[in-house]
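Chains as they are written, first to last, in this note's numbering: chain A, 1 to 293; chain B, 294 to 575.
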């Protein structure tokens, strides 16, 4: 009798710790956050005041918020170009056997390596590389007579966002190349063989076999990339903290500063809720796609 | 490329191949040169670092490493190791238990329960950050290792469960049924059948979890403040701020903070990439 009961509840015992942790530390806080966004409160004042949608009104009237949103969108677009389109082409060349196996493995590892670095190291490293005059970039420009192109890369409003975005591309494109290589390798090789017999060039093979063959993976990887672009925080916090003059602000840094620097927690919760709905939309598509396997 | 096609290569094809090759060398250089520069610079003096950027160090200054180590990097490393090992162990145990129940046991609402776990993967940490900060404070674990371990486990579970479940699904159910016929309970089957058979994916899952925890940023920035509890990602920020100007020592610290992951990656490259590509998640 006791063994029977045990057998019935055992499955739930296996799931219980995971569900408990997820509910208390992932789901409940996300919901709480939405409630917070309807209040005006801060850590110094004990009482909080219900303000309805005031935080959202303030948010949608804030120039910084819109600038952050545009920066996130820019981040997403550039990331798609590099980490999806560009990565797919590079992966296709590597898989196609244009180079010998040794060289191919070398390139793969070389491209992948930046993705294992902690973001702090990447951010600090590129701060040094972007240093005006003495940094590697400016040294290259000066050595090639292109000093007119030199900028205070992280100090000018016009260049700061692109400079940070490019660091992210440096770090993650190789990672995506490796994922694409796996997807391409799953395409049956006789498809290529057949097309080659008919005298199709490598470029034709790419468009007629590789591209349709990795359609689904491409979709998933594109979604992951967009997802990452709207929750980005760390690289920007390390390199510029959103500055100068909010020029490199994204939703994540805007939220963090509002909560932990400016102490307007209700407003910060509203920003977080916006991030929540954007990523929810993106993530719902991802889960739907992943469930198909 | 097979011999035949290489022989029949025309002039323009050869030009295209060499063009591609040089392009790839440039990409590879852009990809790894910053890391090489970091390593070389960490052995230079600060003035040499910028004045003589492209050269080898005039003298290999190991003392930069000693200085960085003594300046606090050793403490950050210890914290990172503790947090990473604890979080990874708990994540893998809980995730494999959950995956096992989802795959091999009779459950009501299996699909719903699976979604309840998987759904956590679409919530970015920013969304829960503020309430979590209050929770962590209320639990009295703010500024302790637990303030990092508990959220890391919660946020690591969805992906790891997904990964392990996808592997356990392929283990024939007959094994579990046979064990049950012989009177074995679910715990016995989990421990003696499913865990041993899942060893390859457990290795990948542990590796990926460890990497994510090691590199995690926003919780580590928010939930601890003492230097003695800071993990290396955040520790490096205070380290860099304290050392503004002493670039070479700072870079030695950066190299030290990368070294453990680098070694693990080189040794376990295959398991690592295998796990990543199965999950297709950053």
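No residue lacks a Cβ here, since even glycine has one placed at the ideal position from N, Cα and C.
DSSP three-state assignment for residue i, whether helix, strand or coil
{"i": "residue 116 of chain A", "result": "helix"}
{"i": "residue 265 of chain A", "result": "helix"}
{"i": "residue 49 of chain A", "result": "strand"}
{"i": "residue 40 of chain A", "result": "strand"}
{"i": "residue 303 of chain B", "result": "coil"}
{"i": "residue 357 of chain B", "result": "helix"}
{"i": "residue 513 of chain B", "result": "helix"}
{"i": "residue 480 of chain B", "result": "helix"}
{"i": "residue 316 of chain B", "result": "helix"}
{"i": "residue 231 of chain A", "result": "helix"}
{"i": "residue 568 of chain B", "result": "helix"}
{"i": "residue 350 of chain B", "result": "coil"}
{"i": "residue 491 of chain B", "result": "coil"}
{"i": "residue 100 of chain A", "result": "coil"}
{"i": "residue 138 of chain A", "result": "helix"}
{"i": "residue 186 of chain A", "result": "coil"}
{"i": "residue 520 of chain B", "result": "coil"}
{"i": "residue 437 of chain B", "result": "coil"}
{"i": "residue 11 of chain A", "result": "helix"}
{"i": "residue 556 of chain B", "result": "helix"}
Separation of residue j from residue i, as counted between CA atoms
{"i": "residue 282 of chain A", "j": "residue 92 of chain A", "result": "27 Å"}
{"i": "residue 70 of chain A", "j": "residue 185 of chain A", "result": "36 Å"}
{"i": "residue 328 of chain B", "j": "residue 177 of chain A", "result": "19 Å"}
{"i": "residue 77 of chain A", "j": "residue 551 of chain B", "result": "30 Å"}
{"i": "residue 315 of chain B", "j": "residue 100 of chain A", "result": "14 Å"}
{"i": "residue 520 of chain B", "j": "residue 527 of chain B", "result": "9 Å"}
{"i": "residue 155 of chain A", "j": "residue 106 of chain A", "result": "36 Å"}
{"i": "residue 48 of chain A", "j": "residue 432 of chain B", "result": "21 Å"}
{"i": "residue 211 of chain A", "j": "residue 365 of chain B", "result": "50 Å"}
{"i": "residue 549 of chain B", "j": "residue 125 of chain A", "result": "14 Å"}
{"i": "residue 305 of chain B", "j": "residue 390 of chain B", "result": "58 Å"}
{"i": "residue 338 of chain B", "j": "residue 358 of chain B", "result": "12 Å"}
{"i": "residue 114 of chain A", "j": "residue 321 of chain B", "result": "11 Å"}
{"i": "residue 123 of chain A", "j": "residue 189 of chain A", "result": "41 Å"}
{"i": "residue 206 of chain A", "j": "residue 80 of chain A", "result": "19 Å"}
{"i": "residue 13 of chain A", "j": "residue 566 of chain B", "result": "32 Å"}
{"i": "residue 163 of chain A", "j": "residue 127 of chain A", "result": "10 Å"}
Listed by chain order, chain A residues near residue i by CB distance under 7 Å
{"i": "residue 508 of chain B", "result": "118, 119"}
{"i": "residue 310 of chain B", "result": "98"}
{"i": "residue 443 of chain B", "result": "25"}
Residue i, buried or exposed, once every other Cβ within 10 Å from all chains shown has been counted against 16
{"i": "residue 225 of chain A", "result": "buried"}
{"i": "residue 277 of chain A", "result": "exposed"}
{"i": "residue 255 of chain A", "result": "buried"}
{"i": "residue 523 of chain B", "result": "buried"}
{"i": "residue 307 of chain B", "result": "exposed"}
{"i": "residue 485 of chain B", "result": "exposed"}
{"i": "residue 356 of chain B", "result": "exposed"}
{"i": "residue 311 of chain B", "result": "exposed"}
{"i": "residue 169 of chain A", "result": "buried"}
{"i": "residue 273 of chain A", "result": "buried"}
{"i": "residue 35 of chain A", "result": "exposed"}
{"i": "residue 475 of chain B", "result": "exposed"}
{"i": "residue 60 of chain A", "result": "exposed"}
{"i": "residue 235 of chain A", "result": "buried"}
{"i": "residue 286 of chain A", "result": "buried"}
{"i": "residue 469 of chain B", "result": "buried"}
Interface partners of residue i on chain B, CB under 8 Å
{"i": "residue 18 of chain A", "result": "387, 388, 390, 391, 410, 450, 454"}
{"i": "residue 129 of chain A", "result": "327, 330"}
{"i": "residue 36 of chain A", "result": "423, 424"}
Per-residue contacts from residue i into chain B (C-beta, under 7 Å)
{"i": "residue 134 of chain A", "result": "343"}
{"i": "residue 280 of chain A", "result": "415"}
{"i": "residue 234 of chain A", "result": "510, 511"}
{"i": "residue 33 of chain A", "result": "420, 421, 423, 424"}
Expected contact under 8 Å - CB spacing of residue i and residue j to nearest Å
{"i": "residue 250 of chain A", "j": "residue 232 of chain A", "result": "6 Å"}
{"i": "residue 417 of chain B", "j": "residue 275 of chain A", "result": "6 Å"}
{"i": "residue 84 of chain A", "j": "residue 222 of chain A", "result": "5 Å"}
{"i": "residue 506 of chain B", "j": "residue 380 of chain B", "result": "5 Å"}
{"i": "residue 116 of chain A", "j": "residue 452 of chain B", "result": "No, residue 116 of chain A and residue 452 of chain B are not in contact; Cβ-Cβ is about 17 Å, not under 8 Å."}
Proximal residues of chain A, C-beta to C-beta of residue i below 8 Å
{"i": "residue 362 of chain B", "result": "Residues of chain A passing the Cβ test: none, with the nearest at roughly 16 Å."}
{"i": "residue 371 of chain B", "result": "Result: empty, since nearest Cβ-Cβ is about 16 Å, beyond 8 Å."}
Where residue i meets chain B, residues with beta-carbon distance less than 9 Å
{"i": "residue 139 of chain A", "result": "343, 346, 347"}
{"i": "residue 265 of chain A", "result": "423"}
{"i": "residue 190 of chain A", "result": "By Cβ distance, chain B contributes nothing, its closest Cβ being about 15 Å from residue 190 of chain A, past 9 Å."}
{"i": "residue 275 of chain A", "result": "417, 419, 420"}
{"i": "residue 287 of chain A", "result": "408, 411, 412, 414, 415"}
Neighbouring residues, chain A, relative to residue i (Cβ below 9 Å)
{"i": "residue 380 of chain B", "result": "Per Cβ cutoff of 9 Å: no residues; residue 380 of chain B is ~12 Å from chain A at best."}
{"i": "residue 551 of chain B", "result": "116, 117, 118, 121"}
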